[in-house]
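Everything on this sheet refers to the single structure shown next.
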DNA sequence: TTTATAACGCTTTTT
DNA sequence: GCGTTATAAA
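Residue numbers (full-length UniProt numbering): 1 to 798.
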């Protein structure tokens, strides 16, 4: 082992070293949270390159997000420099796009295929459900879409599904019909959806072993990150790629001259070596088909596989790890794994219960400001929540408290209407077969082309056996008014002009700037930008800026890919997720869902909304394995924190415009009590002498919910302190009562007089809502009116 | 065809 | 609470 080799191993613990240096057909690295897996992975790649066991071009490293891929490439480059070029470090999806582009002609697509994101495919499915009268059977586009997606992830197509489905059930027959039509629709549009990218690549490899062999011969070392999140199709793809080369020679498809590569006699070459890294405790994507068995049964799938366990954590304090271990330990049927650190206990976890989500948010804002004064950088603070909708309350308070923040992965840039419109213009140029894109831009901006005209175009196209796009060129033949004819002709002319710019018919290469310029041309000459500028809707100003940004993205793309065509650009754009542009959060607090948080780490983490029905989410309760997955999600959130972890919740939460009572999450009770320092525990909130609500004090007498629900302690007529007397604190971890304050079925009617612990006496003006959500509208004697949740407000009937 | 209004219903996570 | 969609009116 030479010096450079030694440098690669420096600072690694023994299991990490083993993971870097082991050589064999299959290696599973079970990497607990924060155990340095990216480091191990990059060093392993560097080690392979350094020892000349592999050329860069023989390495395929697969990650889950583009961001992770970029990071890995960067870190490998830091070690091996220029040598990193030629490696494929990419996501499953972009790797498959690369392969499919090269091989598309083998199976009825062209190189110019486009990619349908979930919105696109939803739109297509929606139309099909309508056409087939699907709602008669209770079909919703979302439901059909998720069924199709699940099936594709299992590598089933409409035909194979039909074979084993109960076809005497008319609903099943209809579903199969819609599924098949959907697939035909995609094919006709020369497009793949996300799931197809993987599945079709697998089909391609299976149907054309000679094609598969090309890639098997090329990639000798395959490394897969986040293996616990792979679904069956991705698993199958890995399997296909790691098969011995030439093994498929007897396959009937390999005769017949379909393949583009000359069949040649191959000496059987053994399969590529496979390294997978994962942590079954961090599997949080089962809902979209991730199969935890891929990792738990790895040793069975790849006999002779080596397993390396990384348990030492380099990220968090022992207190945080102990809490994480305790919670995840409640999941049964998992391999026991305990994270540990040698860096000390650190601070206690801080718990806080607010009266409302605003109160909770206020606490977080106050705490952030306090940390800020202690010289903590905003960028090292993150706030996590389970659902995107929870971010609103946080935002409101943060804005008021002047806490700079950035929402990660909120409304997605590429899902904004104006961006999708702009991309549809590009698609109309790059892949005119994609009828949906053409239809989308038909009347954007408004040109007076409505339903009637659209159908006329479609009928004409069908009659003439031409595409919808080509029908636009014959506006005069459509039998529509002259004004509309002119509008269509103008649109057609703009598209033609852009096509010449971006895809010159002469065959010469368009200049790198063509995409950005073409986009600008489309947006301005189509009148799209003018329409936005003329609009009086203030949001449209922001839309113009978004479009400017898209043009900037196109320019950036041209710089990075001088040979990139508009098709390449669209392909890249279709596969960027929002997790990918997390970087520019400098100087602001990061807000994101727990799912988005995976793979990230922060000094200080606020885990908010730690309530039943939120985490675990109520929808998960009914799904098999749901609560367990929610626990893993919680575990992921907890293990993101390096030094400080806050667990916060609220007593009441407004959801769907309704206020409801929230209960502390069961996960809180799974954390040993001594680990948490409750600033205000769920118990305190209901019992006398609890701490005061800061939110209330900050804005006394403010109407609305936050002021209204809030109450400070107060005697509880129905049981006082809900922790039974004489019970040791350990038995009831964290003193979390099973119930919050409960007034039972207190009956209130208009005209009743009540006394409120904080606001004094008043008269009930009205009662709205039902059951636990009944709300009393009370006019207090000082003139203030409040809305009070009858079940839990600290009130007594007089 | 477009616009205004009402009703509706849906609310988890995402490459 | 929200955005989307159906319906009615201009």
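Glycine residues also receive a C-beta, built at the ideal position from the N, C-alpha and C atoms.
Judged by DSSP secondary structure, residue 278 falls outside any alpha helix (DSSP H) and instead within the beta strand (DSSP E) spanning 273-278.
In the DSSP assignment, residue 763 is bridged to 753 and 779. In the DSSP assignment, residue 92 falls within the unbroken alpha helix (DSSP H) covering 92-103.
In this structure, residue 125 and residue 182 form a Cβ contact; the two beta carbons are roughly 6 angstroms apart against a cut-off of 8 angstroms. Counting C-beta pairs closer than 8 angstroms gives fewer than three between the region 542-552 and the region 336-354, which falls short of the contact rule. Its chain contains 188, 189, 467, 468 and 469 as the residues whose beta carbon lies nearer than 8 angstroms to that of residue 435, once the 5 sequence neighbours on both sides are disregarded; these appear in chain order. The Cβ-Cβ distance between residue 223 and residue 60 falls below 9 angstroms. Here residue 536 is exposed: its Cβ has fewer than 16 other Cβ atoms, across all protein chains shown, within 10 Å. Boundaries of the alpha helix (DSSP H) harbouring residue 43: 37-50, taken from the DSSP string. Residue nearest to residue 76 within the set 95, 134, 42 and 308 is 42 (criterion: CA-CA distance). Spatial neighbours of residue 425 in its own chain (CB-CB distance under 6 angstroms, excluding positions within 5 residues in sequence) are listed in chain order as 441 and 522. Here residue 306 is bridged, per DSSP, to 27. The Cβ atoms of residue 456 and residue 478 lie closer than 9 angstroms to each other. By the C-beta criterion, the region 606-621 is judged to be in contact with the region 653-664, since at least 3 inter-stretch pairs fall below 8 angstroms. For the pair residue 114 and residue 199, the CB atoms are not nearer than the 9 angstroms cut-off. The Cβ atoms of residue 367 and residue 646 sit closer than 9 angstroms to each other. About 18 angstroms separates the beta carbons of residue 97 and residue 155, which is beyond the 8 angstroms limit, so they are not a contact pair. Distance between residue 54 and residue 123, taken at the CA atoms: about 45 angstroms. Inclusion of residue 36 and residue 310 in the CB contact set at 9 angstroms is warranted, their separation being smaller than that value. The residue from 348, 671, 345 and 542 with its alpha-carbon nearest to that of residue 416 is 542. Within the DSSP secondary-structure output, residue 613 pairs in a beta bridge with 617. By the Cβ rule, the region 618-625 does not count as touching the region 301-318, because fewer than three pairs are nearer than 8 angstroms.
Here residue 292 carries a coil assignment [DSSP, helix/strand/coil]. For residue 245, no alpha helix (DSSP H) segment is defined, and its DSSP state is neither H nor E.
In this structure, the CA atom of residue 353 is about 38 angstroms from the CA atom of residue 119. Look at residue 161 here: in three-state DSSP terms it is helix. Apart from the 5 residues on each side of it in sequence, residue 530 sits with its Cβ closer than 8 angstroms to the Cβ of 445 and 524 in its chain, given in chain order. Nearest Cα to residue 765 within the set 73, 755 and 750: 750. DSSP places residue 406 in the strand class (E or B) of the three-state scheme. For residue 500, the enclosing alpha helix (DSSP H) begins and ends at 482-502.
If you check the CB distance, residue 290 and residue 635 do not come in under 9 angstroms. Burial of residue 641 is indicated by the presence of at least 16 other C-beta atoms within 10 angstroms of its C-beta. Annotation: residue 167 to residue 62 spans about 39 angstroms, alpha carbon to alpha carbon. For residue 639, there is no enclosing beta strand (DSSP E), as DSSP marks it with neither H nor E.
Membership of residue 513 in any alpha helix (DSSP H) is not indicated, and neither H nor E is assigned to it by DSSP. The C-alpha of residue 679 is placed about 38 angstroms away from the C-alpha of residue 64.
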